[in-house]
Structures are given as C-alpha cells and as structure tokens.
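Some notes on the structure that comes next.
In this note's numbering, the protein residues as written are 1 to 359.
Rendered as structure tokens:
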C-alpha cells in the first residue's frame, strides 16, 4: 500500500529481515526510506521504550509464548508497549484486551476495526448493502497523519460511512482475513496513503506462504498449508474461516505448545473439524484438552507423513486437510518452513498415487 502510494519503503521486523540491519544498510547508502513497515514481536517490544511510530496496530490477543512471558497478562502488556509513543492506535474493538489501549491515549488518535458495522468516526467494519457485505468505514474526525508537515485531505475524509469494496472481492481466505484487511486499511489511513491505491493492492493481494494457503485438491479434498498457524487463535481463525457452506477440516496439529492452554479450541474443533490427527511433543496434552468434543482424535506421534495420510483418509469430498499446528515446530522440524515442505511433499505423493490408481 505504501509503495502503491508512491512512497519508498523498507519492510523489516520479527520474521526478518532484521530492522537494525536494514537501518544500517540504509544509512550506509545515504538513502533512508520514507516509510518503515515493522512487524514487532512481544519479545522485541518487551524491552522497547523509545520507539516513535506514526501508527501502530494491535490485532488481537490469543494465548502464546506463555513459556517465556510467564502469564497471559505479561504477554498482553509486552504487546501493548507498541503504543508507548505511537501517534495513532489501531485497535480491534471486538477484543477487550486490545481496547484497553483506547483509554489514556496521551493524545494519540484511535481507530478501530471489527467484523461489525461502523457506528462512529474512526471505526472500520463491514456493512451489508443490497445483500452484499462491504468493507466500510466512517472517517476519523482528524485528517490522516502521514506527515506532521502536511495534512492531506482525500477520500479518507468523507464525513459519512463509505462503502469501500465487497468482502468477497478479497483473494485471501477466511473471515479473519477480512478483519486483517480492515486493520491494514486503518493503518493506511493513519499513515496518509492513497485510498485508491490501498484498495487496489488489497484486491490483488493473494496472501503469504504457509498462511491458509491452497496446496492442491485430490478427489474433492483440498490440502491447505497453515504451518505458520502456531497458536490457538490462529487455528481457531483458520477452522472458522474455512467453514463456508458447512465445510469440515481434517486437522493436523501438535508440536511444541509453548505452554498454551488448548481448551479454547474445543468449540471450534467440535463445530468445524471432521477429525484431528495429533503430532509431536504436546500431542497428549492437546488430546486431553479436546477429548470431550466428540470428534475423532488420533495421535500419530512423530510420524508426520503418517499423520497426513490419516487426515486424508478421514476426510470426505468437499473437506479440507488442514495443517494448522497451533504449536512451534522445533520438536520435530528445523522450522515451520520444513514442516510445510514435508506436508506439501506428502500431499503431492497422495495426489500422484491417486492419479496412478485412476489410470
């Protein structure tokens, strides 16, 4: 969105590249970008005290990294440090923890997003019009803050609710991605980017690798790679987002659970899963948390390829085989990318065997 708005941009942060490395390179080249886009983890934010941001977003809070932070509250507070010196706060109004930072803002502007209809200035959401769900917003009472030197008046400043684009026009899948798109638009607004450019980018965006990503389809069963789904909230979002038309998932999950409580997944598994195949170190813990769902559970241990086979065997035409582990990969794999590669390779083997058998 920043590039499409004509800005020079550097992207850095948690997954990489390293922000300090990129800053060093830019200083050495004598050419700093106009916009820095940073993804910051709770580990990085925990010791942050002086970072000044034009705008910062807090998407949600789900249990993760409890083995490091010690409690969910400590984790929440570490993430909240992103707002210490931010001029605009982008908050999920459906998430009570996120909305703590709507108070005592020290003069920062607040914009919110959720999968509900916008009611007040600065709110982003969804609105039904003539049977179509639209992403929509009501402009904040202040103009965009891309630069303190020059406030820009644009289509962002419409005084009434604006319908932007149908949710169904997004190429990324799942209701959680509609919410992510709204958060991105709110950030673009706060940074003063072009509305037309932001919408054009969203319409063409196909998502990131290993995040609810289509792999292939065999006998009407779709294999979906969500290897980056490393916490309970990510798996819940994937299951719910894929449940269009009553679709079920044969779910593969497990690994290093990072001290999470898996019980909140029970209702999602009960509603949206055909079966669950468990792998890795915390398979038994997860099985215990899900034992009352009524959904078939099977522990494949460290036999990952066997787990993929079992999930496929349990799926019906129209279902998905979903790798969404809710766990880190380190107990069985070098990283989430290796876990993904082995999932894709096994899916391809299943497809090849099926094709050979149909000849």
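Yeah, the Cβ is synthetic: ideal placement off N, Cα and C, and Gly gets one too. As the structure is a prediction and not an experimental result, all values here were calculated from the model.
- Contact between residue 315 and residue 307 does not hold, since their C-beta atoms are separated by about 13 Å, which reaches or exceeds 8 Å.
- Between the C-alpha atoms of residue 227 and residue 69 there is a straight-line separation of about 23 Å.
- Under a 10 Å Cβ-count criterion, residue 120 is classified as exposed, with fewer than 16 other Cβ atoms of the shown protein chains found around its own Cβ.
- One thing to note: residue 53 has its Cβ within 8 Å of the Cβ of residue 85.
- Scanning its chain for C-beta atoms nearer than 8 Å, with the 5 sequence neighbours on each side dropped, one finds around residue 204 the residues 171, in chain order.
- Excluding residues up to 5 positions away in sequence, 226, 228 lie with their Cβ nearer than 7 Å to the Cβ of residue 211 in the same chain.
- For residue 186, the CB contacts under 6 Å within the same chain, skipping 5 residues up- and downstream, are 90, 111, 113, 124 in chain order.
- The beta carbon of residue 290 lies closer than 8 Å to those of 262, 265, 266, 269, 276, 297 in the same chain, with the five residues before and after it left out.
- Bridge pairing for residue 264: absent [DSSP].
- Per the DSSP secondary-structure output, residue 299 pairs in a beta bridge with 278.
- Residue 127 carries a strand assignment under DSSP once its states are collapsed to helix, strand and coil.
- As DSSP reads the structure, residue 328 sits in a beta bridge with 256.
- For residue 302, the CB contacts under 8 Å within the same chain, skipping 5 residues up- and downstream, are 279, 280, 332 in chain order.
- For residue 293 and residue 337, the gap between their C-alpha atoms comes out near 30 Å.
- As the crow flies, the alpha-carbon of residue 79 is around 5 Å from that of residue 42.
- Separation of the CB atoms of residue 173 and residue 259 is rounded to 29 Å, and the pair is thereby denied contact status at 8 Å.
- Membership of residue 36 in the beta strand (DSSP E) is indicated by the continuous run 35-39.
- Per DSSP, residue 13 is not a residue of any alpha helix (DSSP H); the beta strand (DSSP E) it occupies stretches across 9-13.
- A Cβ-Cβ distance of about 5 Å is found for the pair residue 329 and residue 339, placing them in contact under the 8 Å criterion.
- In this structure, 74 is the residue among 74, 115, 30, 34 with its C-alpha nearest to the C-alpha of residue 47.
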